[in-house]
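*Asks:* Residue numbers for the sequence shown follow our numbering, beginning at -17 and rising by one. For glycine and all other residues, C-beta sits at the position ideal for the given N, C-alpha and C.
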Amino acid sequence: MNGFKVKAARRGTVLAGRLRAALRDERGATAVFFAMGLLVMAPVTLGLVDVYMITTQRSQLQDALDTATLYAARSDKTTTEDIQVVGDNSLRANLKLSGGQQITYSRFTLDGIKVISTARISPPTIGPRLWVQNDIEANSEVLRNSNNVEVAVVLDTTGSMSDQMTNLRTAAKDLVDLVVKDKQPPEAPYYTKVALVPYAVGVNVGSWADTARGSVKGPIAVDSVTADSSKRKIIVKAVAHGFQTGDRVLFENMGRAKVDGNSMAAEFKVTREDADRFSLSDYSNSKFSGSYNSGGKVYCLKEGCEKFSFTNVSNKLKTFGIGKCVSERIGSEAYTDAAPSAAPVGRLYDDGSGNACESQPIIPLSSNKTMLKGKIDALRDGGSTAGQIGLAWGWYMVSPNWNALWTSDSAPAAYNTPQTLKVVILMTDGAFNSPYCKGVIAKDAGSGSGSSSDHINCNATNGDPFDQADTLCTNMKAKGVIVYTVGFNVGNDSDVKNLMSNCATSPEYVYMPSNGNDLKIAFRAIAQDINSLRISK
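1. With DSSP as the reference, label L232 as helix, strand or coil.
2. When you compare only the Cα positions, how much space is there between M379 and K284?
3. In terms of residue numbering, what span does the alpha helix (DSSP H) encompassing C339 cover?
4. Express the C-alpha separation of T399 and T456 in angstroms, rounding to a whole number.
5. Smallest Cα separation from H223: which of R214, F233 and K215?
6. In three-state terms, what does DSSP make of T253?
7. Alpha carbon to alpha carbon, how far is D475 from D522? Give it in angstroms, no decimals.
8. Out of T293, V183 and S429, point me to the one whose CA is closest to A338's CA.
9. Please classify R(-7): does DSSP put it in a helix, a strand, or coil?
10. At the level of alpha carbons, what is the spacing between N235 and G278?
11. Taking the CB atoms as reference points, tell me whether I217 and S261 lie closer together than 8 Å.
12. Measure how close the beta-carbons of V124 and A55 come, nearest whole angstrom, since I'm counting them as under 8 Å.
13. With three or more beta-carbon pairs closer than 8 Å as the criterion, would you say the region 479 to 486 touches the region 329 to 346?
14. Got a sec, what are the start and stop residues for the alpha helix (DSSP H) A177 sits in?
15. May I have a chain-ordered list of the beta strand (DSSP E) segments no shorter than 3 residues that lie completely inside the region 67 to 111?
16. Please look up how many angstroms separate the CB atoms of F250 and V221, rounded, as I've assumed it's under 8 Å.
17. Buried or exposed: which applies to A413, given that a residue is buried once 16 or more other Cβ atoms fall within 10 Å of its Cβ?
18. Report yes or no: do the region 424 to 440 and the region 356 to 371 share at least 3 C-beta pairs separated by less than 8 Å?
19. For T100, which residues from the same chain have a beta carbon less than 6 Å from its beta carbon, with the 5 sequence-adjacent residues on both sides left out?
20. Can you pull the DSSP bridge partners for L403?
21. Give me the residue from S435, Q450, K425 and A451 with the minimum Cα distance to N441.
22. Please report the distance separating the alpha-carbon of T174 from that of N415.
23. Can you have a look at P326 and say buried or exposed, based on whether 16 or more other CB atoms are within 10 angstroms of its CB?
24. Candidates S496, F290, N244 and Y281: which alpha carbon is nearest S273's?
25. Name the residue from G81, S266 and A324 whose alpha carbon lies nearest to the alpha carbon of V210.
26. Quick check on I503: does DSSP put it in helix, strand or coil?
27. Are there any heavy atoms of the ligand ADP lying less than 7 Å away from the beta-carbon of Y172, as far as the coordinates show?
28. Ignore the nearest five residues each way along the sequence and tell me which others in S296's own chain have a CB closer than 7 Å to its CB.
29. Can you give me the C-alpha to C-alpha distance between D511 and Y418, rounded to a whole angstrom?
30. What number of angstroms, rounded off, separates the C-alpha of D70 from the C-alpha of A50?
See the structure below:
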């Protein structure tokens, strides 16, 4: 019985061994079959991995391109060339590629206020190429957050600028080229405009003078001059003359008429006789000689007249004429941008030579670069410095309250108009030394304000011109106007430096160039900063 069990066990062991051998043979065949299948399936599998990788990398490329395009759009660059550099650098910094991959194409284009971009990368490779794979491509487009721009450039053209006018002209023209864009509405959604305010002893407002300061009374025709023996007076007939007793008048073109042996083309004090006649107060009929036929005229000599007779600081009478220049506004609206219909600006009287008015008039807001640069080229130096007047007119140029003066194309937008920047750039090379009283440079004007014999015998109505300018800056900034200041070669003049600092919107808006080259650099920097504000504000 036991022997039988032993034999059975041995037979079971042999059988198990044979079964295990058989199993080993089966696993070998399976392995061969699996290996052969793997050779067939691996390329397909790796190709599917390729497809997955391409899809993933296309998404990564799109994300990186969107980021780069947004970065370029938010930059201060204003040309396609500069946008390309910024965008490409950002794309390369943000895009992570696998080994052997590369960016095969990138293009960033500035189209109006849009940045449009395209980028391509070579495809990744894990397995063998079973088909031709094109480069992976992505596209993006970002609308720049832009603004309308209104810039008033207030330029010092006083006599002290004589050696630097070439640099000033170049600097101002560069600014115009950079700020005013070639495309304006309707081709572009936003406008960019520049106004010019050259100033010296005052501001020449050209054809807008009567609207800004009020009209002035000109001469009236002289009908006749007679020696009235019964009244012992020299009687002048001039219909509706408007003179009052004690007024001073000036005659012109009086022919052969003489008073006390001298030409009647001179100044006289008058006595009113009636609405159409007056007499010469200090002369009897016997003092008249010669004859008068026609063609003469007579001027009033008070404030508001075309000519003004005043007492100078030496207590001598002087007579100045009025031109197209204006002085400071006085009264309760002196430091506001109220419309001239509510508060006219000040008149300006001068002798037409020496410390005379700026010859070039203001130019309201315009996008005509050729015209603006032509007007800049025409600027000439001369005269003393009334920067407070130039500054006020810089404000008026961007103030909607002054729209009645301008055509629709030059009219500034209302305050707080969405996506609209209002900017004033104040440039000076020295002290504000020319304040006014009654339209004539005041008795207390500073050094360099012309001959004291041409100063009226009263102090400045509005006081110190630096204080005037400081108040103007404070009030225009309160209306949302951005102010840049340029103090050119002002040395250690603390009054000018303080004004430049106090007037500007912030310290970053203050420029203090010391030479002509720096002046040009400053104006370009301001233009680029305005462009940056235009894009990102």
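*Replies:* Concretely, from the data shown:
1. strand
2. 30 Å
3. Note, C339: premise wrong, no alpha helix (DSSP H); not H, not E.
4. Rounded to the nearest angstrom, the two C-alpha atoms are 20 Å apart.
5. F233
6. Secondary structure at T253: strand, using DSSP grouped into helix, strand and coil.
7. Here the chain has residues from -17 to 519 only, and residue 522 is not among them.
8. Selected option, being the one with the closest Cα: V183.
9. Bear in mind that a pLDDT of 46 at R(-7), under 50, signals an unreliable position, so the model cannot answer this.
10. So the alpha carbons of these two residues sit roughly 5 Å apart.
11. yes
12. 4 Å
13. no
14. Counting along the chain, A177 falls outside any alpha helix (DSSP H), though it belongs to the beta strand (DSSP E) covering T174 to Y181.
15. 85 to 93 and 96 to 103
16. Contact doesn't hold; Cβ gap of about 19 Å is too wide.
17. buried
18. yes
19. R89 and N121
20. Beta-bridge partners of L403 (DSSP): V131.
21. K425
22. Approximately 34 Å, taken between the alpha carbons.
23. buried
24. N244
25. First, the residue type needs correcting, since residue 210 is Asp and not Val in the sequence shown. If we check each option's Cα against that of D210, S266 comes out closest.
26. In this structure, I503 counts as helix in the three-state DSSP scheme.
27. As for the ligand ADP, it is missing from this structure, which has no ligand bound.
28. S435
29. Taking the straight line joining both Cα atoms gives about 35 Å.
30. 7 Å
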